[in-house]
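J.: Okay, handing you the structure first.
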Amino acid sequence: MEEQPGSFPRSPARRRPRWGMLALVVVLHAVVILALARAFAPQFTDSVVRQAASVLTVTITAPSEPPPASPPAPQSPAPDEGAAAPEGKQAKPREVTAPVTRLPINPQPAPLASSTGNENRSGARDEGEGTGAGGEGVGAGSGLSGSGRGSGGGRKLEKIAGDINSARDYPKKSRDLRIGHSVTILLTVGTDGRVTDCAVTEPSPDAEADAITCRLARERFRFNPALDAQGNAMIGKFRWRQRWFF
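Be aware that the sequence shown starts at 194, since it is given in the numbering used here, and climbs by one per residue.
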């Protein structure tokens, strides 16, 4: 390019120095100089090394030991606790007698309420037109009174509760006919004293009266069961005659 009049020529750009190359050159020169000095003057190099080592000597100071810990202050002994009190004596409760309560006795029972029925033999009348009913046992019970030579022992069957003693137990529809005067039944009694079976041995003219006699005997009659010679309860037979009308 042509330079224009009045302008200054451009200076070439400055190169940046290469520091890595420069450092390498310096190190190489130092190594060469040190090698020559050690070859021709070994004492000089040793003194230089000792001086450099003395300059670079690092003094390490060990830490001082910590002062011994002060002993703990003595603890004051705990005050003595009081001893437990002796056991108390067992207290005996005072005897208390409950007052005896006397039940008031009603000298006169209340009268029975009358029924609202319209028949002559119902309600709480003192007497009716019928003559009532009754019954009796005619059987020997368990049969312990045989004709053999044995001593027997044990206990006979014994009726202890239950009765058919009112004409109101008779069937209502045939009550006024009075045809079932009496009936005889044979009862089988179990070891618990209850009737387990009933058989009509002497029927009445009224079959319905016979049936109701067996039914009421099952429901109402209770017995002390018969016992054998060793005292064991056993099944027994009991004959009962029921009189409905006299």
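Where is the CB? At the ideal position from N, CA and C, for every residue including glycine.
Within the continuous alpha helix (DSSP H) that includes Ala392, where are the two ends?
T.: Note, Ala392: premise wrong, no alpha helix (DSSP H); beta strand (DSSP E) at 388 to 395.
J.: Taking the beta strand (DSSP E) that Ala402 belongs to, which residues open and close that run?
T.: From DSSP, Ala402 is part of no beta strand (DSSP E) but of the alpha helix (DSSP H) over 400 to 413.
J.: Measuring alpha carbon to alpha carbon, tell me which of Pro264, Thr377, Ala400 ends up nearest Cys391.
T.: Residue Thr377 is the option with its Cα nearest to Cys391.
J.: Which residues does DSSP pair with Leu227 in a beta bridge?
T.: For Leu227, which the question treats as bridged, DSSP gives no partner whatsoever.
J.: So the beta strand (DSSP E) Ser375 belongs to, where does it begin and stop?
T.: Unbroken beta strand (DSSP E) run through Ser375: 375 to 382.
J.: Find out if the Cβ-Cβ distance for the pair Leu350, Ala419 is shorter than 7 Å.
T.: Cβ atoms of Leu350 and Ala419: closer than 7 Å.
J.: If you reduce the DSSP assignment to three classes, tell me which class Gly213 lands in.
T.: Gly213 falls in the helix class under three-state DSSP.
J.: Pull up the distance between the alpha-carbon of Glu395 and that of Arg434, whole angstroms please.
T.: Taking the straight line joining both Cα atoms gives about 9 Å.
J.: Taking buried to mean at least 16 other C-beta atoms within 10 Å of its own C-beta, is Arg211 buried or exposed?
T.: Looking at its Cβ environment, which holds fewer than 16 other Cβ atoms inside 10 Å, Arg211 is exposed.
J.: In the DSSP output, which residue or residues are listed as bridge partners for Lys349?
T.: BP columns for Lys349 are empty, so no partner.
J.: Taking DSSP as the reference, what is the three-state secondary structure of Lys365?
T.: Of the three classes helix, strand and coil, the one that applies to Lys365 here is helix, per DSSP.
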